[in-house]
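Novice: The sequence shown finishes on residue 617 if you use our numbering, and the numbering steps up by one all the way, no holes.
I'd like to ask some things about the structure below.
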Amino acid sequence: MTILSPVVSKDTTLLDLATVAPGLELRDPGIWFASNQGAVSYPAHGNAACLAVEDRSFWFRHRNRCVVSLVRRFSPEGVFLDIGGGNGFVAKGLTDAGVACGLVEPGIDGALAAYARGIDPVICARLEESGLPPMSIDAGGMFDVLEHIEDEVAALRQVHALLRPGGRLFLTVPAYQFLFSTADDMAGHFRRYTIASLSRVLLGSGFRIEFASYMFAPLPPPIFLQRTLPSLLGLRRSTEAQCDEAEHDPGGFAARVMDRLLAWEFRRLDAGRSVWFGTSCLCVAVKV
């Protein structure tokens, strides 16, 4: 692990962390660290593996387009915090779209990658260790994060406390428990969701649902055949499947077909209409 040395000061227009979270320490090259770093349910080299494919991946690109469209439609103002933001791929997409976005990420590889992408501020910590005070952000994102947290209700209530009144939480999570496989185990997932199950846990955590949809409608059959069925047959895969390069960048005819199908899905979501089926859930919830 790279040892980062403290720096004296840094101006941040998005969040005045030195004031609102005095327990954080700013270290070279400009990342904020908590004094305590707890364990997370995520592969040790997961961020590095994803970084190698993100820019070429149809999956990461499509998720970004859908998230950016949703954030633009619901127009959050003020501080947007990407919670568990990994390498900053979503935060970078939001920043490029004009959304001022900071990031919290417990993994040092992800925090460094996000900082290299120009995200500011970057906090290397779990949210509960960040020291951010209640009602300090206007909107938050948890993009394929909630499934990694065993106590999902406690995590959502913590985000609820962090949001200002009327603040919004944008989420994506993997869909359908029947698709659960060893790939989910290796990725550190505790569960997969449906719109109904995600809505229940959000409502029970003090949120109201403003929009919900499935996403990646073409993918349930190939996911079942490539991941779920081999898992049911006891054929464990040796790779971290969520960042398998061949899956994320298939190339050729398969890539052209996928691009066309996902373009239809994006147009539908961009128009504010839901998709009824897919391997991910996409949701906007407001604090009540």
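Cβ coordinates follow ideal geometry from the N, Cα and C atoms, glycine included.
Mapping the DSSP letters down to three states, classify R521 as helix, strand or coil.
Specialist: Mapped onto the sequence shown, residue 521 falls at position 192. Coil at R521, not helix or strand.
Novice: Determine the DSSP secondary structure at F606, reduced to helix, strand or coil.
Specialist: As a working mapping, residue 606 is identified with position 277 in the sequence shown. Coil at F606, not helix or strand.
Novice: Which same chain residues end up closer than 6 Å to E569 when comparing Cβ atoms and leaving out the 5 residues on each side of it in sequence?
Specialist: Here residue 569 corresponds to residue number 240 of the sequence shown, with the count starting at 1. Any reading at E569 needs caution, since the residue's pLDDT is 45, under 50, leaving its predicted position unreliable; the model's value is listed next. P372, A378, M515.
Novice: Would DSSP call R497 helix, strand or coil?
Specialist: Taking the sequence shown and counting its residues from 1, one reaches residue 497 at position 168. R497: strand per DSSP, three-state reduction.
Novice: If you drop the 5 nearest sequence neighbours on each side, which residues of the same chain put their C-beta closer than 8 Å to that of T557?
Specialist: Translated into positions along the sequence shown, residue 557 becomes position 228. These residues qualify, in order along the chain: F507, L508, F509, S510.
Novice: Report the three-state DSSP secondary structure of K597 (helix, strand or coil).
Specialist: Against the sequence shown, residue 597 aligns to sequence position 268. With the sequence shown as reference, residue 597 is identified as Arg, and Lys is not the correct amino acid for it. R597 falls in the helix class under three-state DSSP.
Novice: Using three-state DSSP, classify A443 as helix, strand or coil.
Specialist: Sequence index remark: in the sequence shown, residue 443 carries index 114 (1-based). A443 falls in the helix class under three-state DSSP.
Novice: To the nearest angstrom, how far is the alpha carbon of V400 from that of F499?
Specialist: Here residue 400 is taken as the residue at index 71 of the sequence shown, counted from 1. Here residue 499 is taken as the residue at index 170 of the sequence shown, counted from 1. Approximately 8 Å between the Cα atoms of the pair.
Novice: Just to confirm my understanding: we take R520, look at its own chain, exclude 5 residues before and 5 after, and list those with CB closer than 7 Å. What are they?
Specialist: Locating residue 520 in the sequence shown gives position 191, counting from the first residue. Only E476, Q506 meet the Cβ criterion.
Novice: Taking the C-alpha atoms as reference points, what is the distance between E594 and L564?
Specialist: On the sequence shown, residue 594 is found 265 positions in, with the first residue counted as 1. On the sequence shown, residue 564 is found 235 positions in, with the first residue counted as 1. Cα to Cα, the separation comes out at about 32 Å.
Novice: State the beta-bridge partners of D411 as determined by DSSP.
Specialist: On the sequence shown, position 82 is the one that residue 411 refers to. Paired residues: L432, G470.
Novice: Grouping DSSP H, G and I as helix and E and B as strand, with all else coil, what is A347?
Specialist: Stepping through the sequence shown from its first residue, residue 347 is reached at position 18. It is helical.
Novice: Just checking my contact of C453 with I437 at CB under 8 Å: how many whole Å lie between their CB atoms?
Specialist: Taking the sequence shown and counting its residues from 1, the one referred to as residue 453 is at position 124. Taking the sequence shown and counting its residues from 1, the one referred to as residue 437 is at position 108. That belief holds up - the Cβ atoms of C453 and I437 are roughly 6 Å apart, short of 8 Å.
Novice: Residue range of the beta strand (DSSP E) that F553 falls in?
Specialist: The residue labelled residue 553 in the question sits at position 224 within the sequence shown. It is not in any beta strand (DSSP E) - F553 carries neither H nor E in the DSSP assignment.
Novice: By Cβ distance below 8 Å, which residues in the same chain neighbour G367 in space, the five residues on each side in sequence not counted?
Specialist: By 1-based counting over the sequence shown, the position of residue 367 is 38. Within the same chain, G367 has close Cβ partners P435, R455, E457, E458.
Novice: Which residues bound the alpha helix (DSSP H) around M544?
Specialist: For this step, residue 544 is matched to residue 215 along the sequence shown. First-last for M544: 536–544, but that is the beta strand (DSSP E), not the alpha helix (DSSP H).
Novice: Count the C-beta pairs between the segment 349–362 and the segment 414–431 that are closer than 8 Å, then say yes if the count reaches three, no if not.
Specialist: Output reads no: the segment 414–431 does not touch the segment 349–362.
Novice: By DSSP's criteria, A373 is part of a beta bridge. Which residues make up the other side?
Specialist: Locating residue 373 in the sequence shown gives position 44, counting from the first residue. Beta-bridge pairing links A373 to no other residue.
Novice: Excluding the 5 residues preceding and the 5 following A541 in the sequence, name in chain order all residues of the same chain whose CB lies nearer than 8 Å to its CB.
Specialist: For the purposes of this step, residue 541 is taken as the residue at position 212 of the sequence shown. Excluding residues within five positions, the ones whose Cβ falls inside 8 Å are I524, L527, S528, S603, C610, L611, C612, V613.
Novice: Smallest Cα separation from V428: which of A442, F403, L532, L441?
Specialist: On the sequence shown, position 99 is the one that residue 428 refers to. The shortest C-alpha separation from V428 is found at F403.
Novice: Relative to the C-alpha of L344, which candidate in P559, A584, V433 has its C-alpha closest?
Specialist: Sequence index remark: in the sequence shown, residue 344 carries index 15 (1-based). The shortest Cα separation from L344 among P559, A584, V433 belongs to V433.
Novice: At what residues does the beta strand (DSSP E) containing V617 begin and finish?
Specialist: Here residue 617 is taken as the residue at index 288 of the sequence shown, counted from 1. Premise fails: V617 is in no beta strand (DSSP E) and is neither H nor E.
Novice: Identify whether A504 lies in helix, strand or coil by the three-state DSSP scheme.
Specialist: Looking up residue 504 in the sequence shown gives position 175. DSSP places A504 in strand when its eight states are reduced to three.
Novice: Buried or exposed: which applies to A440, given that a residue is buried once 16 or more other Cβ atoms fall within 10 Å of its Cβ?
Specialist: Looking up residue 440 in the sequence shown gives position 111. The residue in question, A440, is buried, as its Cβ has 16 or more Cβ neighbours within 10 Å.
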